[in-house]
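Chemist: Take this structure first; my questions come after.
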DNA sequence: CATTTTTACGAAAACGTTTACGTTAAAGAG
DNA sequence: CTCTTTAACGTAAACGTTTTCGTAAAAATG
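Chains as they are written, first to last, in the working numbering: chain A, 226 to 560; chain B, 226 to 560.
Right under this line is the structure:
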């Protein structure tokens, strides 16, 4: 059997209390006994049982992270950031793939509650009343990552989507483009859908360009697959377009593939700017100019905030993290 | 405070033993009391404490997964598969990003041990003696994913790398190519490095083509970044090459970028085949022909085997999973 | 109806820790 | 040298479950 604190105590001829004190380096023992205990621990290969600790301390040193899709490049960058901080601060991370399903989400929330995780991070998912009720009852700190909630007072970490979209489109305008199309994600998405088209519209407006519905196309998601054929459709609606703002890198790459099929040269005949700065954006041919969200840093910051709340017991302020444009090869000045 | 089993017992006027029995649907209670207890559970919003359960059952319903890089597309596909099975079978997944660092790996192993996870999955990492000692002492089931161990008797799930490379190169040969280059990963990698160049060599040999060192280039890793400039180097060594086998999709895409820079048209002037079938391979321009590893399925299978070992307590057989070629647009017949 | 079997429970120990409290001996103060 | 303080421990309760064992009542058996 794996040795317990009792075995250590017996071997070192002290009480378990003393062993515990040494383990948690509190005070109340002499140097000699400490050495004896350390020795015994080594000899036995003793490792404290975190479960027993968790039971009494009411802390599990574990964080639960909810993703609509664990395997997306978007999620995995965030995950890496979270994991990094969690690890350095002595916490573990359990990942949950909700598949955007209410049933799964609810199940996971229950599991995380039963396992008494110390905190929860939601990513890219809107918090419904049902979810909020559950997490409220759980009484653990929560932070929202790459999403936010208007209805519920939960701290979040994200970029300003509208502003970011505005920046991306302004960039295109500064490059001389006036006929700018947009490939949007689902418009009913309050977080990543609508705000980005609003930013698009505002940028146009502020530069004296009137918005034209024909220059906008709406997809059912932000993925490569949901973007197939969208550029063709857009160009069919309005062939004057010289530049396109895609609401995600995957949509942008999808558009590039589409352009390639149609024999349209990027960026000579058409400029494209993406959104996210995933790894594929570097890897695209040519490399994709895009509006970068600092995903890895967002993950880190989210985890830091969560752990802050845990330590201090206080609420924490939301953070709008800075976005920026990374210029690569898919946008060309229009003369 | 969150209610405990005691609260439920009190409210339902029974002992905690009875509540426990009902919770675990064992027998030893009447229908009436069951109803009363269920009622009390609902009223109180009681949720069992998995930590307390874990302490006594010595099962945590948690699996630990070790990745050299959680955020790679490779890892995340596997993770998704593992997570899927774990979830349906009532287990949670804690992810560990080892960064291929011995220190981090050792630390993680310790943490997983202290947290008493029920099983461990190693991915794409070679098992050293040190690691093996630790996991042996932990006394939990382990499975290896996308790696294997010659020295230690650990079950694994992977494709036959040599055979897979052989298949990829044979495919190129069947398409009429005879001057076939290879962009390899690190040759000292016993799992994903050497075997693949061996497969490459064997395919050449069996088709009466003599291996030429000038047609091989070795990188320091399997990533996009480690592949930059490698195609140029290869072509400088031997300009007769008409097709290239890259030891990973990222290396292949890297080569495509490199070809693009040099003005070499893929596939008209140069054919390229990758290895992995990551999401980028579909998204590449043109879409990348590649040797597919069923990553998601491997993840699922790995988790299934692990849970099998857990349930039966018996060792389990390793699995060589089938690979196949997915034909897209980067390989053209050579006339 | 008497006896045996079954059912429906409850009491208490156990899992491996942490910690409040008590006790003894050593050290310091006068 | 006596009294007080401090250091160095040990004892036992507590955390929230599961499970063994015991017991009383109900049901089945003859």
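Ideal placement from N, C-alpha and C gives every residue a C-beta, glycine not left out.
Bridge partners of residue 383 of chain B, per DSSP?
Modeler: Looking at the DSSP assignment, residue 383 of chain B forms a beta bridge with B/545.
Chemist: Would you mind telling me which residues of chain B sit closer than 8 Å to residue 341 of chain A, beta carbon to beta carbon, in chain order?
Modeler: 274, 275 and 276, listed in chain order.
Chemist: With a threshold of 16 other CB atoms inside 10 Å of the CB of residue 474 of chain A, please say whether the residue is buried or exposed.
Modeler: Classification for residue 474 of chain A: buried.
Chemist: What residue does the beta strand (DSSP E) around residue 230 of chain A start on, and which one ends it?
Modeler: No beta strand (DSSP E) contains residue 230 of chain A, which is instead part of the alpha helix (DSSP H) from 230-237.
Chemist: Give the straight-line distance between the Cα atoms of residue 420 of chain B and residue 390 of chain B, rounded to the nearest whole angstrom.
Modeler: Between residue 420 of chain B and residue 390 of chain B, the C-alpha separation is close to 8 Å.
Chemist: Please list the terminal residues of the continuous beta strand (DSSP E) segment that includes residue 322 of chain B.
Modeler: Per DSSP, residue 322 of chain B belongs to the beta strand (DSSP E) from 317-322.
Chemist: Counting Cβ pairs, one atom from each stretch, are 3 or more of them under 8 Å apart for the stretch 500-509 of chain B and the stretch 521-533 of chain B?
Modeler: With the cut-off at 8 Å, the stretch 500-509 of chain B and the stretch 521-533 of chain B do not touch.
Chemist: Rounded to a whole number of angstroms, what is the C-alpha to C-alpha distance between residue 513 of chain B and residue 554 of chain B?
Modeler: Between residue 513 of chain B and residue 554 of chain B, the C-alpha separation is close to 6 Å.
Chemist: Where in the stretch 272-320 of chain A do unbroken runs of the beta strand (DSSP E), each at least 3 residues long, occur, reported from the N-terminal end onward?
Modeler: Qualifying beta strand (DSSP E) stretches, in chain order: 287-292.
Chemist: Within the same chain, show all residues whose beta-carbon is closer than 7 Å to that of residue 401 of chain A, passing over the 5 residues directly before and after it, in chain order.
Modeler: Correct list, in chain order: 558, 559 and 560.
Chemist: Could you tell me the alpha carbon to alpha carbon distance between residue 261 of chain A and residue 345 of chain B, rounded to whole angstroms?
Modeler: Their backbone Cα atoms lie some 33 Å apart in a straight line.
Chemist: Relative to the C-alpha of residue 273 of chain A, which candidate in A/227, A/303 and A/318 has its C-alpha closest?
Modeler: It is A/227 whose Cα lies nearest to the Cα of residue 273 of chain A.
Chemist: Quick check on residue 501 of chain A: does DSSP put it in helix, strand or coil?
Modeler: DSSP places residue 501 of chain A in strand when its eight states are reduced to three.
Chemist: Under 6 Å Cβ to Cβ from residue 442 of chain B, same chain only, skipping five residues before and after it: list those, please.
Modeler: Cβ neighbours of residue 442 of chain B beyond the five flanking positions: 408, 455, 458 and 459.
Chemist: Rounded to the nearest angstrom, what separates residue 339 of chain A and residue 317 of chain B at their Cα positions?
Modeler: Spanning the two alpha carbons is a distance of roughly 11 Å.
Chemist: Please identify the residue among A/342, A/343 and A/330 whose C-alpha is closest to the C-alpha of residue 358 of chain A.
Modeler: Per the Cα distances, A/330.
Chemist: Hey, does residue 295 of chain A have any beta-carbon neighbour from chain B nearer than 8 Å?
Modeler: It does: the Cβ of residue 295 of chain A has a partner Cβ on chain B nearer than 8 Å.
Chemist: In chain order, which continuous runs of the alpha helix (DSSP H) of length 4 or greater are located wholly inside the stretch 379-432 of chain B?
Modeler: Correct list: 386-399 and 419-431.
Chemist: What does residue 507 of chain B reach in chain A if we use C-beta pairs closer than 8 Å?
Modeler: Chain A residues near residue 507 of chain B: 449.
Chemist: Could you name the residues of the stretch 297-330 of chain A whose beta carbon sits closer than 8 Å to any beta carbon of chain B, in the order they occur along the chain?
Modeler: The stretch 297-330 of chain A vs chain B, Cβ under 8 Å: 297, 298, 300, 301, 302, 304, 305, 308, 309, 312, 317, 318, 319, 320, 321, 322 and 329.
Chemist: Could you confirm whether any beta carbon from chain B is found closer than 8 Å to the beta carbon of residue 531 of chain A?
Modeler: No, its Cβ sits nowhere closer than 8 Å to a Cβ of chain B.
Chemist: In or out: residue 445 of chain B buried (at least 16 other Cβ within 10 Å) or exposed?
Modeler: Looking at its Cβ environment, which holds fewer than 16 other Cβ atoms inside 10 Å, residue 445 of chain B is exposed.
Chemist: At least one CB of chain B closer than 8 Å to the CB of residue 511 of chain A: is that the case?
Modeler: Taking Cβ atoms only, chain B reaches closer than 8 Å to residue 511 of chain A, which makes this a yes.
Chemist: Using a 10 Å radius around the Cβ and a threshold of 16 neighbouring Cβ atoms, would you call residue 492 of chain A buried or exposed?
Modeler: That one is buried.
Chemist: Answer with buried or exposed for residue 487 of chain B, where buried requires no fewer than 16 other C-beta atoms within 10 angstroms of its C-beta.
Modeler: That one is exposed.
Chemist: Under 8 Å between C-beta atoms, does residue 482 of chain A make it to chain B?
Modeler: Taking Cβ atoms only, chain B reaches closer than 8 Å to residue 482 of chain A, which makes this a yes.
Chemist: If you draw a straight line from the C-alpha of residue 435 of chain A to the C-alpha of residue 388 of chain A, how long is it?
Modeler: The alpha-carbon atoms of residue 435 of chain A and residue 388 of chain A are separated by roughly 19 Å.
Chemist: When you compare the CB positions of residue 280 of chain A and residue 343 of chain A, do they come within less than 8 Å of one another, or not?
Modeler: No, they are not a contact pair.
Chemist: Taking Cβ to Cβ, would you say residue 543 of chain B is nearer than 8 Å to residue 293 of chain B?
Modeler: Result no, Cβ atoms of residue 543 of chain B and residue 293 of chain B do not sit closer than 8 Å.
Chemist: Does the distance from the C-beta atom of residue 548 of chain B to that of residue 384 of chain B stay below 8 Å?
Modeler: Yes.
Chemist: Can you list, in chain order, the residues of its chain with a C-beta nearer than 8 Å to that of residue 246 of chain B? Leave out the 5 residues immediately preceding and following it.
Modeler: Cβ neighbours of residue 246 of chain B beyond the five flanking positions: 252, 253 and 254.
Chemist: Run through DSSP, which three-state label would residue 517 of chain A get?
Modeler: Correct three-state label for residue 517 of chain A: strand.
Chemist: Based on Cα-Cα distance, which residue from B/472, B/244 and B/349 lies nearest to residue 321 of chain B?
Modeler: Closest by alpha carbon: B/349.
Chemist: With a threshold of 6 Å on Cβ separation, who are the neighbours of residue 310 of chain B within its own chain once the five nearest residues in sequence on each side are excluded?
Modeler: Excluding positions up to five away in sequence, the list reads 525, 528 and 529.
Chemist: Give the residues from the stretch 471-502 of chain B that approach chain A closer than 7 Å (Cβ to any Cβ), ordered along the chain.
Modeler: Flagged, chain order: 478, 481, 482 and 485.
Chemist: Looking at C-beta atoms only, is the number of pairs between the stretch 423-433 of chain A and the stretch 358-372 of chain A that lie closer than 8 Å three or more?
Modeler: No, they do not touch.
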